[in-house]
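*Asks:* Take a look at the following structure, please.
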Amino acid sequence: MIITQTAGEDTQSMIMSLIPDAEFQCANTTCLPVTNVITSNIRNCQVACLTQSQCIAATFYQSTSNCELFDNMLNQNGNILADVDATSMNIISETRFPPEKWGKLRFVPPITNI
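Basically this note's numbering = 1-based index in the sequence shown + 102.
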């Protein structure tokens, strides 16, 4: 699924893989959610992840509208637990635009001496 958000001249996008009926489950603190937000639907959860440059994965819970955003997961697909109320999603590597590394830089033309 491709997620895009445009605000003025600020356009962001990413490609996410969806894992229906699943939530991220971790035995240690390396993959606890970095933040929880309440969103009205899964699309808004995806946009919440898109707007957080450190977000690499998310889980949306339909019954509570809770959206968990993750920033540090070594093996997202290895930490899955079945849950019919949840949909988890991963950002596919190198599909975030602009990449975090370059997202805040602006082009400044070189100064030439005449």
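Where a beta carbon is used, it is the ideal one built from N, C-alpha and C, also for glycine.
1. Along the chain, where does the alpha helix (DSSP H) that runs through Cys169 open and close?
2. Determine the direct distance from the alpha carbon of Ala188 to that of Tyr163, and round the result to whole angstroms.
3. So who's on the other strand from Val139, going by DSSP bridges?
4. Find the nearest neighbour of Ala159 within the set Val136, Cys169, Ile193 and Thr166, judged by alpha-carbon distance.
5. For Leu171 and Val136, which I take to be in contact (beta-carbon distance under 8 Å), what is that distance rounded to the nearest angstrom?
6. Residues in its own chain within less than 7 Å of Asp173 by CB, not counting five upstream and five downstream?
*Replies:* Taking the geometry as given:
1. Taking the first residue of the sequence shown as position 1, residue 169 is located at position 67. Here Cys169 belongs to no alpha helix (DSSP H); instead the beta strand (DSSP E) covers Asn168 to Phe172.
2. Here the question's residue 163 lines up with position 61 in the sequence shown. Here the question's residue 188 lines up with position 86 in the sequence shown. Rounded to whole angstroms, Tyr163 to Ala188 spans 4 Å at the Cα level.
3. Translated into the one-based positions of the sequence shown, residue 139 becomes position 37. DSSP, once it has assigned bridges, lists Cys169 as partnering Val139.
4. Your numbering for residue 159 matches position 57 in the sequence shown. Looking at the Cα atoms, Ile193 is the closest of the given residues.
5. As a position in the sequence shown, residue 171 is number 69, starting the count at 1. As a position in the sequence shown, residue 136 is number 34, starting the count at 1. Right, the Cβ-Cβ distance comes to about 6 Å (below 8 Å), so this counts as a contact.
6. Within the sequence shown, numbered from 1, the residue matching residue 173 stands at position 71. Taken in chain order, the residues that qualify are Val136, Gln156, Cys157 and Ile158.
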